[in-house]
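Protein chains in written order, with the numbering used here: chain W, 39 to 363; chain C, 378 to 1202.
Virtual Cβ for every residue (Gly too), placed ideally from N, Cα, C.
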């Protein structure tokens, strides 16, 4: 491993090397999350050498000022004080000497923006050198990876743009809406989960970093995702409603609906897509069955089928096989 | 944590961004080297950063903070349920935001507090402390309102509890429709709402640079009431005999959620072990309510004891455990192999409520003796049924065990080629089933709809007996829904150039549900995707998916074993058992289906400071069903324009349009017969009908933030305009619930479903000093809501023997004026 003295010898004179590390570095050990941070590889600048944070700041002072107030900076600065092998800017941007010599040449520093010459795969690899595993365990092969999203499409660790998460936009929902604005608009419909009201976020249900499901759900199934907030629906119930147990999405559209309770179609027609039993479920109702009509009918008015079959998610009553009780 | 649990964000409608939106942007921008803003690799503009906080020293620590105090006043229809849906605006003092950040640069320690309170039921507080890269401890409290009705009238007292009692002098089981209507009209208008109170504690810990762990514990409590039901048989048939109630049911429960995990991330291996636990507890096991109406026999002259009470079992307490393990190994060729396994258990053993909650007698007193017995066989003693001793077992004792195995790989055998594939096995096993048997009487079955059917029609109680009621068809068993899924996928991505790739994925999924109409459902799908960032200004991501669903034979008689007809001693009624359902019905989650789906996501840099983003999507589904869902198509487009010429100006606008079309078919029966064929005696072609539901949504909005020295102006306008039409056609009036409705035409439609909400925000901010600023704003919202289900209910909420507690969604116009003082601490 490179010693602090060896590093100091490599640093250019402008870095005024050794200052902070010499004064303060001995009181604390570097935090484990930053202890192994090293200068990132940049295949486009194989001959480049580290220059140290102060060299970077000599040109990027304003960037540094914004960056200083992020948790990344807090951890990296403290770690660098404890262990001079730990870089700051170059942890993510790679060795800076070639870039310092030719600032306008693309690719000589690891960049995370549209105009950067750094391939997206390299950008992601750099972030995952510290952030591998955990929530990002199934990034490889996920829909976002295959669509060549970079971490920096959703995150911007260079300043505190969001309250949490070092996001590229002000909130998780705003960040997702960059690409999924159509889904965001669905949350304005009559029935919706409280996303627009700031009470929950896309990440309550989805893991944008990859998961075991195609739609990036955080759990193994749709229903397990819903049960996270709707545990009362989990059961099992004495009498189950088969499509409910199969998937909540058989009847609900989670991103918003013009019907009551996120239903995908108006009742009773929603139910009549599956129920054609003898008796009352297979009757076609007309507006004359509404209140004020010629023959008001509870099968159409208000909650329609659900007025009587109120326990539609399953009943735990011995007298509830038809979800009446 | 984006990998585990919920509560990933805490904000409110006043500021969904939890403070970020109201922060002052840095007039210097992001960089002195480049005046313009950068774009993300996908082509979106990064926003201008906020001014850096001025950290003040306190010993080894430094801090910065901000508090936003204010006053809100609401006007207009401010009691409206929709206006208050997830916010419950209230006039009064508010804490817009409290934000305090403490930092100790020496070792990277920090502490953060954030809080807001905009009404009694809408508030959050969170605190976190830790050391960057070492540990983080977080705690939060939050209250989330959910107003589910803003215009409810309850004829019961005790709303929110589990014992509803009639008000206004109404007598259980003895009141007339007019008396109930008078009581309902006199009942005060009120809102029904459910408030969620959440408390959470979390720990994230780096044990070593490779090993990390987390633990989270939260409690989610809900209190309130929401519209529900209450069945006392068919009022549409027996207008003066039966009863249908919309009751306000209580919501009073709590859920403890627990997530624990240990993770290892090395250069070659990654491991992830996790446990999720959830423990749901309902305050109540049951919910009882008075029935105001007289439930009377349909046969003139017959008498029946009054049906005074109804009941529900609340959702059972349940325990959930899930253990997960995931192992990932780096492979040569820049690949990875991952194997995941999870085993879970959903368990509940709630005490079962008795089949009925009456006292005395129920049923029809045929001989007037008031004595149940062989000579009076439709009259029953409540004591034989109102006790758990009348059940085959006292508690539910139900369980579902789950097992998930998932393996997947990625490889890059060539510089331009990525391969990927995976296998998945998912299984749910039910443990135990329930037999509806009364050991006190020897009867099978249950007491339907609070004993109302059996009090209106002799013998329609819902019970089967090999001696006294041997031809009654009723449910006698629960149906376990074991299911198994096997899925495989294989895909490849070919890089045409550095920023241009094509991909294809084939997926096969086999579902094998037990006790469903099909025992095997196969999905084959092929997805082709194109991702292109090679153009300087344009990013394009497009995909097309084709899916074909098939499976084995569809068995429409599948549920027969759950009915009394499967019991020894059952005697088919004269003429045979009626067909349970038309054989041509195909439930849409099991039906053959062909799907075509297209998605396009694009962003285009109109100028250096301007972006136009677009989404286009279409999803077209055709179902092979003569009866059931036949088609469901959705499609839409959205456009978003963003302009950010500098730190002082930010503007945006969007437009969205989408529509959906659902087609379904059904058939009425002409007679109660055994012929299941479509076009046969029971379900003739003349009784066929079709329904079409078309929904259209238009969204639009614009926003502008402009700073002019010490003054900042902000404006935002948002519109959602939805319209839905549900129409129908039929072959003849035989298809109709009411034959006479078909006299004029063989088609019709319901009134349009309308939902249009316009909102406008105008704000004016003034920087009084470098630390103080004042914001005055007006938020105006107008909603036009129309749902045909509630058409006519405003004129009266009691119709015959029906009671509607909720009058449905109401239009509104409301306004909110706020004054906020923002202080930098």
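Could you give the distance in angstroms between the alpha-carbon of residue i and the alpha-carbon of residue j?
i                      : j                      : result
residue 544 of chain C : residue 536 of chain C : 11 Å
residue 785 of chain C : residue 659 of chain C : 40 Å
residue 878 of chain C : residue 694 of chain C : 50 Å
residue 398 of chain C : residue 990 of chain C : 21 Å
residue 947 of chain C : residue 940 of chain C : 10 Å
residue 553 of chain C : residue 317 of chain W : 28 Å
residue 66 of chain W  : residue 418 of chain C : 37 Å
residue 200 of chain W : residue 207 of chain W : 6 Å
residue 736 of chain C : residue 459 of chain C : 41 Å
residue 969 of chain C : residue 517 of chain C : 48 Å
residue 74 of chain W  : residue 506 of chain C : 23 Å
residue 232 of chain W : residue 473 of chain C : 18 Å
residue 448 of chain W : residue 353 of chain W : With chain W covering 39 to 363 only, the question about residue 448 of chain W has no answer from this structure.
residue 123 of chain W : residue 111 of chain W : 16 Å
residue 449 of chain C : residue 442 of chain C : 23 Å
Going by other Cβ atoms of all chains shown within 10 Å of its Cβ, with 16 needed for buried, is residue i buried or exposed?
i                       : result
residue 435 of chain C  : exposed
residue 116 of chain W  : buried
residue 1197 of chain C : buried
residue 89 of chain W   : buried
residue 310 of chain W  : buried
residue 905 of chain C  : exposed
residue 485 of chain C  : buried
residue 916 of chain C  : buried
residue 1171 of chain C : exposed
residue 844 of chain C  : exposed
residue 59 of chain W   : Because the pLDDT of residue 59 of chain W is 48, which lies under 50, any placement of that residue in the model is unreliable, and the number read from its coordinates should be weighed accordingly. Burial call: buried.
residue 218 of chain W  : buried
residue 1088 of chain C : exposed
Within the 8 Å Cβ cut-off, does residue i reach chain C?
i                      : result
residue 344 of chain W : yes
residue 241 of chain W : yes
residue 122 of chain W : no
residue 314 of chain W : yes
residue 147 of chain W : no
residue 129 of chain W : no
residue 358 of chain W : yes
residue 59 of chain W  : A caution first: residue 59 of chain W carries a pLDDT of 48, below 50, which makes its placement in the model unreliable, though a value can still be read off. Not closer than 8 Å to any Cβ of chain C, the Cβ of residue 59 of chain W fails to qualify, so no.
Taking the alpha carbon of residue i as the reference point, which residue from the options has its own alpha carbon closest?
i                       : options                           : result
residue 91 of chain W   : W/85, W/187 and W/101             : W/101
residue 1127 of chain C : C/1163, C/1143 and C/1155         : C/1163
residue 984 of chain C  : C/508, C/472, C/497 and C/1019    : C/1019
residue 860 of chain C  : C/898, C/876, C/849 and C/873     : C/898
residue 290 of chain W  : W/194, W/244 and W/305            : W/305
residue 1140 of chain C : C/1081, C/589, C/1014 and C/1172  : C/1081
residue 955 of chain C  : C/499, C/500, C/1046 and C/682    : C/1046
residue 1059 of chain C : C/1069, C/1066, C/1048 and C/1067 : C/1048
residue 987 of chain C  : C/1010, C/1004, C/1027 and C/963  : C/1027
residue 842 of chain C  : C/1151, C/603, C/819 and C/728    : C/819
residue 93 of chain W   : W/110, W/141, W/72 and W/149      : W/141
residue 1201 of chain C : C/401, C/384, C/378 and C/389     : C/401
residue 762 of chain C  : C/595, C/706, C/815 and C/1138    : C/815
If we define contact as Cβ-Cβ less than 8 Å, is residue i a contact residue for chain W?
i                       : result
residue 1068 of chain C : yes
residue 755 of chain C  : no
residue 700 of chain C  : no
Unbroken stretches of the beta strand (DSSP E), 3 residues or longer, contained in the stretch 654-712 of chain C: 663-667, 686-690 and 695-708
Counting only runs that start and end within the stretch 470-527 of chain C, where is the beta strand (DSSP E) found for 3 or more residues in a row? DSSP runs (the beta strand (DSSP E)) wholly in the stretch 470-527 of chain C: 486-496 and 499-508.
Completely contained alpha helix (DSSP H) runs for the stretch 233-308 of chain W, where each covers 4 or more residues: 260-265 and 280-284
Please go through the stretch 1044-1118 of chain C and give each complete beta strand (DSSP E) segment of 3 or more residues, from N-terminal end onward. Correct list: 1065-1085 and 1088-1107.
Contained alpha helix (DSSP H) runs [length at least 4] in the stretch 135-176 of chain W, N- to C-terminal order: If only uninterrupted alpha helix (DSSP H) runs of at least 4 residues are considered, those enclosed by the stretch 135-176 of chain W are 135-139 and 158-169.
Runs of 3 residues minimum, wholly inside the stretch 863-946 of chain C: which ones carry the beta strand (DSSP E) assignment? 877-890, 898-909 and 915-928
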